[in-house]
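In this note's numbering, the protein residues as written are -17 to 130.
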């Protein structure tokens, strides 16, 4: 066994995660993503139950679809309507998920397959409860400590 096999994902993950609720508007999500420079947000219930995820790309696609074909007079109303949509209307199932007790080697493999550049980390006892996020940068920082 090596340090990478003995170290759990929880040792490298960020425990503080920006999340949104299902009833959050896309306008709020867009602002959170812009200010936080985020590409995706986990959607959680009141007990941090992981319900889904919403990506910046999905938000842009939805807004583009909503305003497509709008005349200049209709554009403002179409945009306002699109941005008032709720997250739960546009979120997808969380795809890139890993348990907090998985080792860093598994984390590396999962990140290599991930479409988002990050993994949502869930509790091993309750795989629906979000406990953190693991980004490529977080993992690389931790792996670098093994090389020092």
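No residue lacks a Cβ here, since even glycine has one placed at the ideal position from N, Cα and C.
All values derive from a computational prediction rather than experimental measurement.
Original post:
Ordered along the chain, which non-local residues of its own chain (more than five positions away) have a Cβ less than 8 Å from that of residue 97?
Top reply: Its chain contains 77, 78 as the residues whose beta carbon lies nearer than 8 Å to that of residue 97, once the 5 sequence neighbours on both sides are disregarded; these appear in chain order.
**OP:** Taking only runs that begin and end inside the region 43 to 99, name each unbroken beta strand (DSSP E) of 3 or more residues, in chain order.
**Re:** Secondary structure remark: continuous beta strand (DSSP E) runs of at least 3 residues inside the region 43 to 99, in chain order: 79 to 81.
**OP:** Grab me the residues of residue 99's own chain with a C-beta within less than 8 Å of its C-beta, minus the 5 sequence neighbours each way, in chain order.
**Re:** So the list reads 21, 93, 117, 118, once near-sequence residues are dropped.
**OP:** Name the one or two DSSP bridge partners that residue 24 has.
**Re:** DSSP, once it has assigned bridges, lists 35 as partnering residue 24.
Subject >> the region -1 to 13 contacting the region 28 to 48, beta-carbon criterion three pairs below 8 Å >> reply: Touching, yes.
Original post:
Secondary structure at residue 111, three-state DSSP: helix, strand or coil?
Top reply: Here residue 111 sits in strand by DSSP.
Original post:
Per DSSP, what kind of secondary structure is residue 2 in: helix, strand or coil?
Top reply: Collapsing the DSSP output to three states places residue 2 in a strand.
Original post:
Do residue 8 and residue 81 have their C-beta atoms closer together than 8 Å?
Top reply: Contact flag unset, no.
**OP:** For residue 117, name the three-state secondary structure that DSSP assigns.
**Re:** Three-state DSSP puts residue 117 in a strand.
Original post:
Would you call residue 24 buried or exposed, if buried means 16 or more other Cβ atoms sit within 10 Å of its Cβ?
Top reply: Sixteen is the threshold: when 16 or more other Cβ atoms of the shown chains lie within 10 Å of the Cβ of residue 24, as they do, the residue is buried.
Original post:
Assuming residue -12 contacts residue 85 under a Cβ cut-off of 8 Å, what Cβ separation, rounded to an integer in Å, is found between them?
Top reply: Confirmed, about 7 Å.
**OP:** Determine, using beta carbons only, whether residue -1 and residue 122 come nearer to each other than 8 Å.
**Re:** It is not a contact, given that the beta carbons lie outside the stated cut-off.
Original post:
With distances taken from CA atoms, which of 124, 104, 89 is nearest residue 31?
Top reply: Each of 124, 104, 89 was checked against the Cα of residue 31, and the nearest Cα belongs to 104.
Original post:
Would you call the CB atoms of residue 72 and residue 44 closer than 8 Å?
Top reply: Going by C-beta atoms, residue 72 is nearer than 8 Å to residue 44.
Subject >> Buried versus exposed, by CB contacts within 10 Å (16 or more), residue 89 >> reply: With 16 or more other Cβ atoms from the protein chains shown falling within 10 Å of its own Cβ, residue 89 counts as buried.
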